[in-house]
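What follows is a set of notes on a single structure, which appears directly below.
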Amino acid sequence: MNNSYIQKSFYEKTARNRIISIVDKNSFVEILKPGSMPTSPNLASLDITGSFDDGVIIGKAKIKDNFVYIIAQEGRFMGGAVGEMHGAKIVGMLLKAIDEKPKAIVFFVDSGGVRLHEANAGLITISEIMRAMLKVRNAGIPIITVIGGTNGAFGGMGISACLSTHIIMTEEGRLALSGPEVIETLKGVEEFDSKDRALVWRVTGGKTRYLLGHVQVLVEDDIDDITQEIVAALQLPVANVDLSYLQQQQDGLQQQYDQWFGKKDSLSIWQSMNINNPDSISMLSAEQVKAIKKG
Amino acid sequence: MQTQTILAELFPNQLEYHIDNWVIRGSAETKVGKVEIIGTVDSAAINHAIAMTLANEVLKVIAEGKKTPIVFIVDTQGQDSSRADELLCLNRTFAHLAACVDLLRRSEHPNLAIILGEAVSGGFLSYGLMANQIFALQTSQVKVMDLKAMSRVTKIPLEKLQSLSQTSAIFAPGVENFYKMGAVDDIWVELDEHLVENAIESQQSHLDDFLTDKRRDVAKQRDGRLLCNEIVEAVLSA
Numbered sequence: 168m169n170n171s172y173i174q175k176s177f178y179e180k181t182a183r184n185r186i187i188s189i190v191d192k193n194s195f196v197e198i199l200k201p202g203s204m205p206t207s208p209n210l211a212s213l214d215i216t217g218s219f220d221d222g223v224i225i226g227k228a229k230i231k232d233n234f235v236y237i238i239a240q241e242g243r244f245m246g247g248a249v250g251e252m253h254g255a256k257i258v259g260m261l262l263k264a265i266d267e268k269p270k271a272i273v274f275f276v277d278s279g280g281v282r283l284h285e286a287n288a289g290l291i292t293i294s295e296i297m298r299a300m301l302k303v304r305n306a307g308i309p310i311i312t313v314i315g316g317t318n319g320a321f322g323g324m325g326i327s328a329c330l331s332t333h334i335i336m337t338e339e340g341r342l343a344l345s346g347p348e349v350i351e352t353l354k355g356v357e358e359f360d361s362k363d364r365a366l367v368w369r370v371t372g373g374k375t376r377y378l379l380g381h382v383q384v385l386v387e388d389d390i391d392d393i394t395q396e397i398v399a400a401l402q403l404p405v406a407n408v409d410l411s412y413l414q415q416q417q418d419g420l421q422q423q424y425d426q427w428f429g430k431k432d433s434l435s436i437w438q439s440m441n442i443n444n445p446d447s448i449s450m451l452s453a454e455q456v457k458a459i460k461k462g
Numbered sequence: 163m164q165t166q167t168i169l170a171e172l173f174p175n176q177l178e179y180h181i182d183n184w185v186i187r188g189s190a191e192t193k194v195g196k197v198e199i200i201g202t203v204d205s206a207a208i209n210h211a212i213a214m215t216l217a218n219e220v221l222k223v224i225a226e227g228k229k230t231p232i233v234f235i236v237d238t239q240g241q242d243s244s245r246a247d248e249l250l251c252l253n254r255t256f257a258h259l260a261a262c263v264d265l266l267r268r269s270e271h272p273n274l275a276i277i278l279g280e281a282v283s284g285g286f287l288s289y290g291l292m293a294n295q296i297f298a299l300q301t302s303q304v305k306v307m308d309l310k311a312m313s314r315v316t317k318i319p320l321e322k323l324q325s326l327s328q329t330s331a332i333f334a335p336g337v338e339n340f341y342k343m344g345a346v347d348d349i350w351v352e353l354d355e356h357l358v359e360n361a362i363e364s365q366q367s368h369l370d371d372f373l374t375d376k377r378r379d380v381a382k383q384r385d386g387r388l389l390c391n392e393i394v395e396a397v398l399s400a
């Protein structure tokens with residue numbers, strides 16, 4: 168059996184393996200290594216065994232000789248959700264970047280958002296992450312986010328991810344605010360059938376996000392392709408988040424809203440974009456989808 | 163208390179506003195001059211239309227270039243949950259709104275949020291939590307999720323959550339908890355016309371200080387979040 172696909176898959180890897188397979192050999196230096204900080208007392212008080220990294224790995228590395236900071240959320244620990252320590256590690260890394268000025272911060276987001284077991288701390292620390300991300304951008308340092316893990320980017324991490332300068336997304340990645348299960352619980356299965364995986368991907372998945380311009384890059388679930396896109400993103404200028412930039416964004420959002428709000432499936436949007444055979448998009452490769460967008 | 167009654171107590175002078183689609187927009191005169199009022203009412207479930215309207219109003223105030231203070235009114239049950247909103251990436255629109263409030267902070271506009279009714283998760287995150295300061299009415303409800311729902315999702319017995327919430331501010335709903343956690347600056351019990359103008363006047367005397375996020379220091383002083391400050395410092399000195 169050919170398992171080279173699995174070996175190259177970002178989705179299938181742990182956060183640590185994602186880092187190791189993308190950065191230059193032996194270049195990763197972890198900050199707050201396992202053993203150098205306590206496990207979460209907040210979780211311990213709920214009789215939950217904490218993790219030695221609280222579900223996020225941070226450090227410095229090189230990618231094709233470019234000095235970068237890495238933040239990688241571990242989706243296998245509590246769904247990558249943000250608790251007090253987890254969030255503080257991310258905030259620390261972002262603020263540190265402003266002092267040390269790496270070429271970029273590369274952020275592997277894999278998170279359902281706020282960790283409910285530490286709900287208040289999680290929510291507030293996400294707002295601290297958001298403020299820090301904007302501070303980093305305004306210091307001219309790009310934040311390159313990759314969404315392609317098992318938990319996608321939801322809730323507060325879905326919001327934060329969109330404050331990046333650049334988002335690279337796989338088809339398997341998902342980016343949204345409320346998870347489909349939450350919407351189904353609140354509004355019923357007619358509103359969102361969370362078991363209909365094809366529908367979930369058509370609403371929140373990488374191809375939809377890319378074709379609608381919500382993220383900049385669509386890429387195969389392949390470590391080499393993702394690395395290449397990170398390197399390409401490193402060369403791009405960082406736009407200042409100033410008044411004219413935000414006015415432009417505002418116009419873009421308004422335009423999107425006027426054109427498409429009310430549609431409940433990307434298929435009907437593809438149709439109105441005059442894309443041939445919208446049904447076939449789920450079968451296409453990232454390259455083929457990019458070709459459609461470029462026309 | 164009704165929105166109207168509360169606003170009349172806070173802004174007795176030349177208060178005018180209108181409410182449309184859960185968005186409140188208005189202004190009032192104070193001893194520090196005109197303040198703009200922007201926010202949501204009636205426990206708004208924030209969707210694309212509401213978030214875009216709020217963002218647009220913030221941008222218009224910045225564009226005037228007069229550094230007019232903004233008072234954000236927060237009353238939201240959180241984000242609206244619909245497939246149509248998610249399909250157009252509601253989280254991205256929220257990020258845009260948050261970036262607009264952040265620009266306001268950086269553009270020397272004094273600004274503060276007042277929690278009138280509810281402040282819940284994503285809706286709170288997108289603008290209230292981005293403001294320089296947050297003040298909450300004692301009667302307001304601030305939360306991510308109520309304990310019953312939390313128990314269901316986390317599979318932790320409700321009794322355990324209830325008993326732990328007596329001693330920990332980390333997860334349970336409540337304006338007091340958000341005060342301890344450093345997010346709420348003060349809880350207002352009695353309302354009067356000086357609360358807002360005093361806050362703005364105080365901000366004007368040291369606006370630059372608000373560009374540094376101090377909420378984790380405050381959280382430590384108030385015994386709310388005990389670890390985050392230490393961890394951030396450890397990362398910075400690594």
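Read top to bottom, the protein sequences are chains L and Y.
So for the first sequence, the numbering used here puts the first residue at 168; every next one is plus one.
So for the second sequence, the numbering used here puts the first residue at 163; every next one is plus one.
Cβ coordinates follow ideal geometry from the N, Cα and C atoms, glycine included.
For clarity, every value in this text was computed on a predicted model and none was experimentally measured.
How about residue i and residue j: do their beta carbons lie closer than 7 Å?
i        : j        : result
L/ASN441 : Y/MET343 : no
L/GLY280 : L/MET324 : yes
Y/ILE277 : Y/ALA298 : yes
L/ARG341 : L/GLY319 : yes
Y/GLN241 : Y/GLY284 : yes
L/ILE311 : L/ALA264 : no
Y/GLN176 : Y/GLU191 : yes
Y/THR255 : Y/ALA213 : yes
L/PHE219 : L/PRO205 : no
L/VAL408 : L/ARG243 : no
Y/VAL203 : Y/ILE186 : yes
L/VAL386 : L/ILE335 : yes
L/PHE195 : L/ALA239 : no
Y/ASN253 : L/LEU283 : no
Y/VAL304 : Y/ALA275 : no
Y/PRO231 : Y/ILE362 : yes
Y/ALA260 : Y/MET292 : yes
Y/LEU216 : L/LEU413 : no
Y/ASN218 : L/GLN417 : yes
L/GLN423 : Y/LEU250 : yes
Y/GLY290 : Y/VAL236 : yes
I need the straight-line Cα distance from residue i to residue j, nearest angstrom please.
i        : j        : result
Y/THR329 : L/ARG298 : 29 Å
L/VAL249 : L/GLY289 : 5 Å
L/GLY254 : Y/LEU265 : 23 Å
L/GLY380 : L/ILE459 : 13 Å
Y/ILE318 : Y/GLY386 : 22 Å
L/GLY419 : L/ASP363 : 30 Å
L/ILE436 : L/GLY462 : 16 Å
So which of the options has the shortest CA-CA distance to residue i?
i        : options                                : result
Y/GLN366 : Y/LEU398, Y/SER302, Y/VAL194           : Y/VAL194
L/LYS374 : L/SER452, L/TYR178, L/ALA399           : L/SER452
L/VAL190 : L/SER411, L/PHE219, L/LYS354, L/GLU396 : L/GLU396
Y/LEU389 : L/ARG185, L/ASP446, L/ALA248, L/VAL258 : L/VAL258
L/ALA400 : L/PHE359, L/SER331, L/LEU379, L/SER176 : L/SER331
L/ILE187 : L/LYS227, L/TRP437, L/SER207           : L/LYS227
Y/ARG267 : Y/PHE372, Y/TRP350, Y/ARG384           : Y/PHE372
L/GLN426 : Y/LYS196, Y/SER327, Y/ALA246, Y/ILE208 : Y/ALA246
Y/LEU309 : Y/ILE393, Y/LEU326, Y/GLN295           : Y/LEU326
L/ILE225 : L/MET252, L/SER207, L/ILE215           : L/MET252
L/LEU378 : L/PHE359, L/ASN209, L/THR337           : L/THR337
Y/GLY227 : L/PHE428, L/ILE448, L/ASN184, L/LEU410 : L/LEU410
L/THR371 : L/GLU348, L/VAL356, L/THR352           : L/GLU348
Would you mind reading off the limits of the beta strand (DSSP E) that contains residue i?
i        : result
Y/THR202 : 195 to 202
Y/GLN241 : 232 to 241
L/ALA239 : 233 to 240
L/VAL196 : 196 to 198
Y/TYR289 : Careful: Y/TYR289 lies outside any beta strand (DSSP E) and carries neither H nor E.
Y/LEU299 : 295 to 299
L/PHE275 : 271 to 276
L/ILE154 : Since the first residue shown for chain L is 168 and the last is 462, residue 154 of chain L is missing from the structure and cannot be characterised.
Ends of the alpha helix (DSSP H) at residue i?
i        : result
L/GLY325 : 322 to 328
Y/SER189 : Segment 185 to 192 is the beta strand (DSSP E) holding Y/SER189; no alpha helix (DSSP H) there.
L/GLN422 : 410 to 427
Y/LEU266 : 252 to 268
### Query
Given a limit of 9 Å on CB to CB distance, which residues of the segment 425 to 440 of chain L reach chain Y?
For the segment 425 to 440 of chain L, residues whose beta-carbon sits nearer than 9 Å to a beta-carbon of chain Y comprise TRP427, PHE428, GLY429, LYS430, LYS431, ASP432, SER433, ILE436.
### Message
Tell me which residues of the segment 403 to 414 of chain L have at least one Cβ-Cβ distance to chain Y shorter than 8 Å, keeping chain order.
### Response
Per Cβ criterion, the list reads VAL408, ASP409, LEU410, LEU413, GLN414.
### Query
Between the segment 286 to 313 of chain Y and chain L, which residues of the former have CB atoms less than 8 Å from a CB of the latter, in chain order?
From the segment 286 to 313 of chain Y, only PHE286, LEU287, SER288, LEU291, MET292, LYS305, VAL306, MET307, MET312 have a Cβ closer than 8 Å to chain L.
### Query
Can you list, in chain order, the residues of the segment 347 to 374 of chain L whose Cβ is nearer than 7 Å to any Cβ on chain Y?
Interface annotation for the segment 347 to 374 of chain L against chain Y: VAL349, ILE350, LEU353, LYS354, GLU358, PHE359, VAL370, THR371, criterion Cβ-Cβ distance under 7 Å.
#### Entry: Residues in the segment 231 to 252 of chain Y having any Cβ partner in chain L nearer than 8 Å
Residues GLN241, SER243, SER244, ARG245, ALA246, ASP247, GLU248, LEU249, LEU250, CYS251, LEU252.
### Query
Of all the residues that make up the segment 263 to 282 of chain Y, which are near chain L by a beta-carbon distance shorter than 7 Å?
For the segment 263 to 282 of chain Y, which is checked against every Cβ of chain L, the residues closer than 7 Å are ASP264, LEU265.
### Query
Relative to chain L, which residues along the segment 193 to 218 of chain Y have a C-beta separation below 8 Å, given in chain order?
Those would be HIS210, ALA211, MET214, ALA217, ASN218, in chain order.
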